[in-house]
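Okay, so here's the structure we're looking at.
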Amino acid sequence: MSEDPTQSLSQDGLRQILARLDSIDSRLSNVENRLSNVEGRLSALEDKVDRRLQETRPIWEQVLVRLEGVENRMGTLESELRTGLRRIERQIETLAKDVLEVRGDQRDLEKRLDELEPKPTQ
3 MSEDPTQSLS QDGLRQILAR LDSIDSRLSN VENRLSNVEG RLSALEDKVD RRLQETRPIW
63 EQVLVRLEGV ENRMGTLESE LRTGLRRIER QIETLAKDVL EVRGDQRDLE KRLDELEPKP
123 TQ
(Lines of atoms letter the chains of each structure in order from A; the text may use other names.)
(Lines give C-alpha, C1' and ligand atoms only; values in the text may rest on other atoms or scores of the structure.)
Protein backbone atom coordinates (compact mmCIF):
# COMPACT_ATOMS: atom_id res chain seq x y z
CA MET A 3 0.00 0.00 0.00
CA SER A 4 2.94 2.30 0.35
CA GLU A 5 3.65 2.38 -3.33
CA ASP A 6 3.10 5.64 -5.27
CA PRO A 7 -0.07 5.49 -7.47
CA THR A 8 1.52 7.89 -9.96
CA GLN A 9 4.18 5.28 -10.77
CA SER A 10 1.63 3.23 -12.66
CA LEU A 11 0.65 6.18 -14.90
CA SER A 12 2.19 6.49 -18.31
CA GLN A 13 4.09 9.59 -19.31
CA ASP A 14 1.24 10.59 -21.68
CA GLY A 15 -1.35 10.29 -18.92
CA LEU A 16 0.81 12.35 -16.59
CA ARG A 17 1.24 15.05 -19.24
CA GLN A 18 -2.51 15.15 -19.81
CA ILE A 19 -3.15 15.57 -16.10
CA LEU A 20 -0.54 18.32 -15.84
CA ALA A 21 -2.02 20.05 -18.90
CA ARG A 22 -5.48 19.90 -17.35
CA LEU A 23 -4.13 21.28 -14.07
CA ASP A 24 -2.45 24.11 -15.98
CA SER A 25 -5.75 24.80 -17.78
CA ILE A 26 -7.66 24.79 -14.47
CA ASP A 27 -5.03 27.07 -12.92
CA SER A 28 -5.30 29.47 -15.87
CA ARG A 29 -9.09 29.52 -15.71
CA LEU A 30 -9.00 30.04 -11.94
CA SER A 31 -6.62 33.00 -12.41
CA ASN A 32 -9.03 34.40 -15.00
CA VAL A 33 -11.95 34.05 -12.54
CA GLU A 34 -9.89 35.73 -9.81
CA ASN A 35 -9.08 38.64 -12.15
CA ARG A 36 -12.72 39.03 -13.12
CA LEU A 37 -13.78 38.87 -9.46
CA SER A 38 -11.20 41.51 -8.63
CA ASN A 39 -12.66 43.71 -11.40
CA VAL A 40 -16.18 43.19 -10.05
CA GLU A 41 -14.99 44.09 -6.54
CA GLY A 42 -13.41 47.27 -7.91
CA ARG A 43 -16.57 48.23 -9.76
CA LEU A 44 -18.70 47.46 -6.68
CA SER A 45 -16.44 49.59 -4.52
CA ALA A 46 -16.67 52.46 -7.03
CA LEU A 47 -20.45 52.10 -7.11
CA GLU A 48 -20.65 52.13 -3.30
CA ASP A 49 -18.53 55.31 -3.25
CA LYS A 50 -20.79 56.90 -5.84
CA VAL A 51 -23.92 55.98 -3.85
CA ASP A 52 -22.37 57.39 -0.67
CA ARG A 53 -21.55 60.66 -2.47
CA ARG A 54 -25.07 60.91 -3.85
CA LEU A 55 -26.51 60.28 -0.39
CA GLN A 56 -24.36 63.06 1.00
CA GLU A 57 -25.45 65.35 -1.84
CA THR A 58 -29.15 64.60 -1.49
CA ARG A 59 -29.38 64.34 2.30
CA PRO A 60 -29.64 68.14 2.80
CA ILE A 61 -32.30 68.31 0.10
CA TRP A 62 -34.35 65.60 1.79
CA GLU A 63 -33.94 67.25 5.17
CA GLN A 64 -35.25 70.51 3.70
CA VAL A 65 -38.14 68.68 2.08
CA LEU A 66 -39.04 67.04 5.38
CA VAL A 67 -38.91 70.37 7.23
CA ARG A 68 -41.10 72.02 4.59
CA LEU A 69 -43.50 69.07 4.61
CA GLU A 70 -43.82 69.36 8.38
CA GLY A 71 -44.59 73.07 7.95
CA VAL A 72 -47.24 72.28 5.35
CA GLU A 73 -48.81 69.67 7.65
CA ASN A 74 -48.90 72.18 10.51
CA ARG A 75 -50.49 74.84 8.30
CA MET A 76 -53.02 72.31 7.02
CA GLY A 77 -53.92 71.44 10.62
CA THR A 78 -54.40 75.10 11.47
CA LEU A 79 -56.43 75.68 8.31
CA GLU A 80 -58.61 72.65 9.08
CA SER A 81 -59.28 73.95 12.59
CA GLU A 82 -60.14 77.43 11.30
CA LEU A 83 -62.40 75.94 8.64
CA ARG A 84 -64.31 73.88 11.21
CA THR A 85 -64.74 76.94 13.42
CA GLY A 86 -65.96 79.01 10.46
CA LEU A 87 -68.41 76.32 9.38
CA ARG A 88 -69.87 76.09 12.90
CA ARG A 89 -70.32 79.88 12.92
CA ILE A 90 -72.04 79.77 9.51
CA GLU A 91 -74.32 76.94 10.71
CA ARG A 92 -75.36 79.04 13.73
CA GLN A 93 -76.03 82.04 11.50
CA ILE A 94 -78.14 79.92 9.13
CA GLU A 95 -80.11 78.59 12.11
CA THR A 96 -80.69 82.16 13.29
CA LEU A 97 -81.79 83.25 9.81
CA ALA A 98 -84.15 80.28 9.53
CA LYS A 99 -85.74 81.19 12.87
CA ASP A 100 -86.05 84.82 11.79
CA VAL A 101 -87.68 83.80 8.49
CA LEU A 102 -90.17 81.62 10.35
CA GLU A 103 -90.98 84.49 12.72
CA VAL A 104 -91.44 86.92 9.83
CA ARG A 105 -93.73 84.45 8.05
CA GLY A 106 -95.75 83.99 11.22
CA ASP A 107 -96.00 87.74 11.70
CA GLN A 108 -96.98 88.12 8.04
CA ARG A 109 -99.77 85.56 8.46
CA ASP A 110 -101.02 87.39 11.54
CA LEU A 111 -100.98 90.70 9.67
CA GLU A 112 -102.75 89.21 6.67
CA LYS A 113 -105.39 87.76 8.97
CA ARG A 114 -105.88 91.13 10.68
CA LEU A 115 -106.02 92.86 7.32
CA ASP A 116 -108.63 90.38 6.10
CA GLU A 117 -110.71 91.13 9.20
CA LEU A 118 -110.45 94.89 8.63
CA GLU A 119 -111.30 94.88 4.93
CA PRO A 120 -114.95 94.84 4.00
CA LYS A 121 -116.04 91.64 2.41
CA PRO A 122 -117.52 91.95 -1.05
CA THR A 123 -121.18 91.16 -1.21
CA GLN A 124 -122.40 88.81 -3.78
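Heads up: take any position in the sequence shown, counting from 1, add 2, and you land on our numbering. From the three backbone atoms N, C-alpha and C, an ideal C-beta is built for every residue, glycine too.
Rounded separation between residue i and residue j - CA only
i           : j           : result
residue 111 : residue 120 : 16 Å
residue 65  : residue 99  : 50 Å
residue 28  : residue 14  : 21 Å
residue 86  : residue 72  : 21 Å
residue 31  : residue 23  : 12 Å
residue 34  : residue 60  : 40 Å
residue 118 : residue 104 : 21 Å
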